[in-house]
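Encoded as structure tokens, the structure appears first; notes follow it.
Residue numbers (our numbering): 42 to 413.
Put into structure tokens, the structure is as follows:
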């Protein structure tokens with residue numbers, strides 16, 4: 042065995058590297074790594090010394106496709122950056138509007154988003170040397186921005202979103218996984234061929250150590266292959282959602298509106314909405330699972346099913362489906378009240394799951410805490 046390892050050190054080392062890559066890509070907190078690898082961007086300094094960051098607008102807010110930052114300077118005026126007007130003063134523009142426009146009072150939902158992102162991404166920026174700093178967060182999709190004013194008056198920013206690191210992680214894992222399987226096939230043919238050549242030449246076989254039997258090599262490669270495939274499927278969030286979250290779900294809002302949702306194995310669904318004063322509305326369509334979330338598709342303008350993605354959440358033995366924007370409200374509810382005992386609630390829940398114990402903490406399908 043020592044001779045075999047010594048003669049195939051390079052091949053085995055590459056196999057070990059690919060194995061470690063698979064494990065790392067599946068288990069790493071890619072958002073944390075991506076965020077820390079994102080460099081700070083220097084926005085320059087406004088004409089007057091910046092004193093305080095007063096407001097941050099993320100992409101999509103106030104109809105904007107870009108992010109903006111507003112600062113108060115030493116003269117008491119307010120400047121904004123960037124792209125608010127023609128690039129003057131390194132992109133900084135003096136703004137003549139009521140001061141209340143530049144003070145961003147974050148509501149509880151935004152603060153909950155910031156806390157959620159910092160918890161899920163697992164970071165705390167060290168900004169002790171900054172004159173002033175501020176951050177902003179958006180939950181769906183996750184966007185986080187932090188700005189700091191340095192002692193020299195320059196303003197720096199770092200912004201990250203969940204889309205790019207998530208896609209990078211998924212594509213990279215699939216690529217390495219298929220390279221891994223391909224390399225196992227290559228090793229199988231190479232070692233069988235080598236073993237055959239050695240056995241065919243008796244003189245060479247006498248001079249060399251006894252080769253490892255072909256059946257042993259094939260058995261080892263089969264075990265490696267099955268292990269890799271099992272690891273892939275056991276950690277594939279989309280597959281886990283499809284396997285575990287098909288079935289019927291119900292919820293009732295205020296005891297008046299009733300919702301029923303059936304997810305079928307063939308990726309079709311049936312929904313029944315019962316308003317408080319009119320007859321039930323029945324909807325059928327298809328659904329898709331992407332990035333561990335469920336998107337229903339029935340009609341272009343169906344606000345009951347198509348508007349938001351549903352996020353699967355486990356809480357002990359219970360299985361919830363929650364519209365993305367309602368997750369902060371769900372977390373707030375469970376902080377101040379016991380887990381629900383009936384169908385009334387903002388989240389879809391399996392019928393009778395409210396009789397099961399809600400043990401531990403609500404978690405997403407990839408193991409992250411749903412509520413920071």
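Note that beta-carbon positions come from the ideal geometry of N, C-alpha and C, so glycine has one too.
Report the option in the options whose CA atom is closest to the CA atom of residue i.
i           : options               : result
residue 217 : 408, 382, 398 and 65  : 65
residue 194 : 173, 177 and 214      : 173
residue 321 : 90, 310, 298 and 219  : 298
residue 406 : 119, 87 and 362       : 362
residue 385 : 292, 332 and 86       : 292
residue 123 : 86, 402, 410 and 338  : 86
residue 67  : 215, 136 and 91       : 215
residue 169 : 88, 154 and 192       : 192
residue 89  : 403, 112, 108 and 139 : 112
residue 209 : 369, 332, 410 and 338 : 332
residue 334 : 92, 155, 62 and 182   : 182
residue 155 : 135, 408, 184 and 142 : 184
residue 62  : 411, 412, 137 and 212 : 212
residue 49  : 374, 410 and 232      : 232
residue 5   : 203, 393 and 264      : Outside the displayed range of the chain (42 to 413) lies residue 5, so it cannot be described from this structure.
residue 369 : 117, 410 and 306      : 410
residue 137 : 153, 151, 117 and 152 : 117
residue 383 : 294, 338 and 307      : 294
Report all residues from its chain with a CB closer than 8 Å to the CB of residue i; omit the five preceding and five following residues, and keep chain order.
i           : result
residue 224 : 55, 56 and 59
residue 248 : Residue placement at residue 248 cannot be trusted, given a pLDDT of 47 that sits under 50; what the coordinates show is reported in the next sentence. Closer than 8 Å at Cβ, skipping near neighbours: no residue.
residue 128 : For residue 128, the predicted structure reports a pLDDT of 49, less than 50, and the residue's modelled location is therefore unreliable. The matter cannot be settled from this model.
residue 220 : 59
residue 140 : 119
residue 309 : 325, 326, 327 and 328
residue 77  : 164
Since residue i contacts residue j with CB under 8 Å, what's their CB separation in whole angstroms?
i           : j           : result
residue 99  : residue 196 : Not quite, the Cβ-Cβ distance comes to about 16 Å (not below 8 Å), so this is no contact.
residue 7   : residue 75  : Nothing about residue 7 can be reported from this structure: the residues present for the chain run from 42 to 413 only.
residue 286 : residue 353 : 5 Å
residue 288 : residue 304 : 6 Å
residue 171 : residue 108 : That belief does not hold up - the Cβ atoms of residue 171 and residue 108 are roughly 18 Å apart, past 8 Å.
residue 92  : residue 114 : 6 Å
So, at 7 Å on beta carbons, what are the nonlocal neighbours of residue i in its own chain, with the 5 sequence-adjacent residues on each side left out?
i           : result
residue 163 : 70 and 73
residue 79  : 199 and 201
residue 52  : 228
residue 371 : 363, 387 and 388
residue 206 : 71, 72 and 75
residue 356 : 399 and 403
residue 349 : 364, 365 and 366
residue 144 : 95 and 96
residue 397 : 357, 358 and 359
residue 408 : none
residue 290 : 302, 362, 389, 390 and 391
residue 316 : 298
residue 204 : 182
residue 401 : 357
residue 135 : 118 and 120
Taking 6 Å as the limit between beta carbons, can you name the residues of its chain near residue i, skipping five residues before and five after?
i           : result
residue 244 : With a pLDDT of 48 at residue 244, under the threshold of 50, the modelled position of this residue cannot be trusted; read the value that follows with caution. Closer than 6 Å at the Cβ level, and outside the excluded window around residue 244, lies no residue.
residue 330 : 279, 282 and 283
residue 381 : 395
residue 81  : 197 and 199
residue 94  : 112, 173, 175 and 188
residue 133 : 87, 120 and 122
residue 412 : 372 and 403
residue 158 : 178, 183 and 185
residue 153 : 369
residue 375 : none
residue 306 : 287
Consider the Cβ of residue i: report whether some Cβ of chain C lies at a distance smaller than 8 Å.
i          : result
residue 85 : No chain C appears in the structure shown, which is made up of a single protein chain.
Which complete beta strand (DSSP E) runs does the stretch 171-219 hold, if anything under 3 residues is left out? 173-179, 184-190 and 196-202
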